[in-house]
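Engineer:
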Amino acid sequence: MITHKPYPSDVSDAEWEFVLPYLCLLPEEAGQRVHNLRDVFDALRWLVRSGAPWRYLPNDFPPWQMVYQQTRRWLAAGCFEAIVHDLRAVLRFADGRGPEPTGAVLDSRTIQSTPESGHRAGYDGYKRRKGSKVHAAVDTLGNLLALHVTAANEQDRAQVGRLAEAIQEATGESVELAYVDQGYTGEEPAAAAAEHGIRLEVVKLAEAKRGFVLLPRRWVVERSFGWAARFRRLAKDYERLAETLVGLHYVAFSLLMLQKAAPLFVWSS
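When we follow the UniProt record's numbering, the leftmost residue of the sequence shown carries the number 1, and every step to the right adds one.
The following block contains the structure:
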């Protein structure tokens with residue numbers, strides 16, 4: 001039972017039943033636990049959705065220090081990566097596909113820096129923005145496979161090897177093909193992907209374009225970035241550590257995928 005007043009961001013009963021085993025780092029009856037774990041999780045969901053600072057958590061949630069400390073434990077333990085991995089299999093199965101993908105889509109998104117993150121920011125000349133660059137890989141349904149963060153001045157093609165390795169680790173080396181934009185053109189990124197058994201396919205922009213053009217396969221990862229941008233905590237880089245920004249992206253995608261999968265859950269009475 002929750003002890004705070006209801007918020008639109010609160011986890012549903014079905015969603016909570018699914019995520020509880022991932023979030024219980026200690027037995028539920030452990031003496032160290034002072035606050036309701038569901039309240040702590042709802043507080044994290046509220047913060048990621050609203051974009052508020054930790055100290056601005058409403059008073060009916062557990063103290064912000066406790067929520068922050070528990071979030072750090074969850075991120076360090078890889079809880080949300082595990083949730084994303086398993087939910088991806090559930091959603092793919094519901095769509096009539098195998099649990100692990102054979103294709104992926106790669107891209108990056110530059111996020112504006114803030115005073116908290118400015119010490120590790122870089123300047124993206126193409127986007128004309130100073131900040132951090134989020135490099136992500138999704139399957140062809142838009143479900144997250146891998147993600148890491150660099151300074152915004154880092155080239156996309158230089159991250160292919162790291163992304164490819166993370167993709168194969170997450171999928172058991174099932175991915176054979178990755179769709180990318182023209183920023184990944186060249187022999188080096190192709191060779192880096194090939195080292196991990198992945199072939200890059202560059203989806204090129206039509207030469208005679210007018211206005212917005214929906215590129216085959218490429219729109220999938222753009223849509224995933226659009227989903228993430230709805231979480232206000234991810235609208236800018238508010239984090240002192242890059243790994244925290246990575247972790248909160250996994251939190252956001254776990255919430256998105258959990259919401260999609262909730263209707264599929266069937267619980268016995």
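Glycine included, every Cβ here is placed at the ideal spot set by N, Cα and C.
#1: Going by the DSSP bridge assignment, what does A136 pair with across the sheet?
#2: Could you tell me the alpha carbon to alpha carbon distance between R55 and Q65, rounded to whole angstroms?
#3: Determine the contact status of P62 and D39, defining contact as a CB-CB distance below 8 Å.
#4: Taking only runs of the beta strand (DSSP E) that begin and end inside the region 50-135, which ones reach a length of at least 3 residues, in chain order?
#5: Are there three or more Cβ pairs, one per stretch, closer than 8 Å when the region 44-55 is compared with the region 247-264?
#6: Going by the CB atoms, is the gap between G197 and Q159 shorter than 8 Å?
#7: Mind checking which residues open and close the alpha helix (DSSP H) that includes E243?
#8: Helix, strand or coil, according to DSSP, for D39 in the structure here?
#9: Starting from the C-beta of K127, find all residues in its chain whose C-beta is less than 6 Å away, skip the five residues before and the five after it, and write them out in chain order.
#10: Quick check on Y22: does DSSP put it in helix, strand or coil?
#11: Among residues of its own chain, excluding the 5 on either side of A170, which ones have a beta-carbon nearer than 7 Å to its beta-carbon?
#12: Under 6 Å Cβ to Cβ from L264, same chain only, skipping five residues before and after it: list those, please.
#13: Leaving aside the five residues before and after E261 along the sequence, list all residues of the same chain whose C-beta is less than 7 Å from its C-beta, in chain order.
#14: Under three-state DSSP, which class holds E222?
#15: Label D60 either buried or exposed according to how many other C-beta atoms from any shown protein chain fall within 10 Å of its C-beta, with 16 as the threshold for buried.
#16: CA-CA distance, F18 and V149?
#17: Taking the alpha-carbon positions, what's the E81 to E100 distance?
#18: My understanding is that L23 touches W74, with C-beta atoms under 8 Å, so please give their C-beta distance in whole angstroms.
#19: Determine the direct distance from the alpha carbon of G96 to that of V213, and round the result to whole angstroms.
#20: Under three-state DSSP, which class holds E165?
#21: Could you check how far apart the C-beta atoms of R220 and V138 are, in whole angstroms? I think they sit under 8 Å.
#22: Distance check for W227 and residue 294, CA to CA, integer angstroms please.
#23: Taking Cβ positions, are R217 and Y179 nearer each other than 8 Å?
#24: Do R240 and E154 have their C-beta atoms within less than 8 Å of each other?
Structural biologist: Taking the coordinates as given:
#1: The partner list for A136 (beta bridge, DSSP) reads D107 and L147.
#2: Roughly 8 Å between the two C-alpha positions.
#3: Yes, the pair counts as a contact, with Cβ atoms nearer than the cut-off.
#4: Secondary structure within the region 50-135: the beta strand (DSSP E) runs of 3 or more consecutive residues, fully enclosed, are 103-112 and 122-124 (chain order).
#5: As far as the Cβ criterion goes, the region 44-55 touches the region 247-264, which means the pair count is three or higher.
#6: Between Q159 and G197, the C-beta gap is not smaller than 8 Å, which leaves the two residues out of contact.
#7: Segment A242 to A261, the alpha helix (DSSP H) holding E243.
#8: Here D39 sits in helix by DSSP.
#9: For K127, where only same-chain residues beyond five positions count, the Cβ hits under 6 Å are T110.
#10: The answer is helix: DSSP assigns Y22 an H, G or I state.
#11: Excluding sequence positions up to five before and after A170, its CB lies within less than 7 Å of the CB of H85, L145 and A146, all in the same chain and listed in chain order.
#12: Cβ within range, chain order: A94.
#13: Correcting the residue type first, residue 261 is Ala in the shown sequence and not Glu. Scanning its chain for C-beta atoms nearer than 7 Å, with the 5 sequence neighbours on each side dropped, one finds around A261 the residues L87, V90 and L91, in chain order.
#14: When DSSP states are grouped into helix, strand and coil, E222 belongs to the helix group.
#15: Looking at its Cβ environment, which holds fewer than 16 other Cβ atoms inside 10 Å, D60 is exposed.
#16: When only Cα atoms are considered, F18 and V149 end up about 28 Å apart.
#17: Cα to Cα, the separation comes out at about 15 Å.
#18: Your pair L23 and W74 checks out as a contact, with CB atoms roughly 6 Å apart and the cut at 8 Å.
#19: Interpretation of V213 is limited by its pLDDT of 49, a score under 50 that renders its predicted location unreliable; no figure is taken from the coordinates.
#20: Look at E165 here: in three-state DSSP terms it is helix.
#21: Correcting the residue identity first, residue 220 is Val in this sequence and not Arg. V220 to V138, Cβ: 6 Å. Contact.
#22: Residue coverage of the chain in this structure runs from 1 to 269, which leaves residue 294 outside it and unanswerable.
#23: Between R217 and Y179, the gap from beta carbon to beta carbon is short of 8 Å.
#24: One thing to note: R240 has its Cβ no nearer than 8 Å to the Cβ of E154.
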